[in-house]
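Notes for the one structure printed next.
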Amino acid sequence: MSGSAPAIVFITGAVVTSACWDNWKAFFEGAGYTCHAPDWPHKQGPAARLRARHPHSPIAQNDLTSVLSVYADFITELPAKPIVIGHSFGGLIVQLLLQQDAVAAGVAIESSPPLGVAVLNWSLFRAVLPMLGLFSSLETTFLPTFAQWQYAIANGLPLPDQHKYYDQLAAPESKRLIRGALSLAARVDFHRPHAPLLFLAGGTDRIMPAALNRANYRRYRHAASTTDYHELPGRCHAMLGQPTWRADAELVQTWLAALP
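Structure (structure tokens):
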């Protein structure tokens with residue numbers, strides 16, 4: 600982007616903490632950006648401490664509107680519109696912030712889709728259904744088991760890395776927040792003009808498969824707005840921590856640098 604680099608706000612996804620951005624934050628700070636990774640409500644602190652409060656954690660009270668407000672309010676305190684980079688559910692929040700005309704550019708990595716964007720995919724159904732908690736109380740949190748983590752998020756990683764990332768990052772999540780992706784709060788007007796938006800999809804992602812990311816990207820219809828898409832082979836849903844993370848961050852940096 601021309602001129603001095605704007606701030607970057609990293610937007611965390613579901614069932615993890617903001618520590619998932621540690622490598623990316625250090626990378627972009629090294630490139631001259633001022634970086635922020637605000638926590639979701641009630642999700643401050645180490646993942647192990649948050650897991651100890653499951654299933655009766657106050658995290659259960661979070662919903663899409665309250666989490667979106669954390670970022671919208673944070674952005675209003677910045678001196679200029681930032682770049683926002685979100686992963687998974689954070690990618691949906693990126694799209695909603697673009698719709699509010701609140702940001703200079705957005706990157707949606709393995710994004711949860713807005714309302715009405717869907718594909719027929721068994722792995723997506725198998726991975727997401729437990730998170731919805733359809734037959735359980737909304738007053739309790741969802742915490743993925745290690746087996747669910749292996750299947751939906753860390754598939755293809757060496758077993759020691761699967762355990763390491765689970766221990767470092769896995770956190771309880773609000774089922775009412777996950778269900779919010781199926782509500783009007785997750786609606787995007789794809790015909791509206793918007794700031795530049797880049798989608799990154801993981802070629803082996805099971806929970807937000809590449810086909811879903813492509814469907815999301817293809818819904819954007821405003822001819823004068825920049826919308827780009829890249830599918831990255833071999834990336835599972837734990838893309839942010841795979842050995843290829845630096846190459847992926849460099850791709851984002853190159854895309855941002857090319858924007859007018």
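The sequence shown begins at 600 in our numbering and counts up by one. Just so you know, even glycine gets a beta-carbon here, dropped at the ideal spot from N, CA and C. Note that the structure is a prediction, hence the values are computed from the model and not measured.
Asked: The ligand ADP heavy atom lying under 7 angstroms from the CB of P759; Found: As presented, the structure is devoid of all ligands, the ligand ADP included, so that no description of it is given.
Asked: Inter-residue spacing [alpha-carbon to alpha-carbon] between L825 and V851; Found: According to the sequence displayed, residue 825 carries Thr and not Leu. Looking at the two C-alpha atoms, the distance is approximately 14 angstroms.
Asked: For L756, the first and last residue of its enclosing alpha helix (DSSP H); Found: First-last for L756: undefined, no H or E at that position.
Asked: Validate contact between the segment 732–748 and the segment 806–822 using beta carbons, cut 8 angstroms, 3 pairs; Found: no
Asked: Beta-carbon proximity list for L697, same chain, < 7 angstroms, skipping 5 on both sides; Found: G705, H793, A794, L796
Asked: Top-ranked residue by Cα proximity to A563, from Q643, A646, H762; Found: Outside the modelled stretch of the chain, which goes from 600 to 859, sits residue 563, for which no answer is possible.
Asked: Sequence-distant residues of the same chain with beta carbon closer than 7 angstroms to A701, five excluded per side; Found: A671, I674, K680
Asked: Backbone secondary structure at Y764 - three-state DSSP; Found: helix
Asked: Status (buried if at least 16 other CB within 10 Å, exposed otherwise) for D877; Found: Any question about residue 877 goes unanswered here, given that the chain covers just 600 to 859.
Asked: Buried or exposed by the 16-neighbour rule on C-beta atoms within 10 Å, applied to S736; Found: exposed
Asked: Q694 vs A707 beta-carbon contact at 8 angstroms; Found: yes
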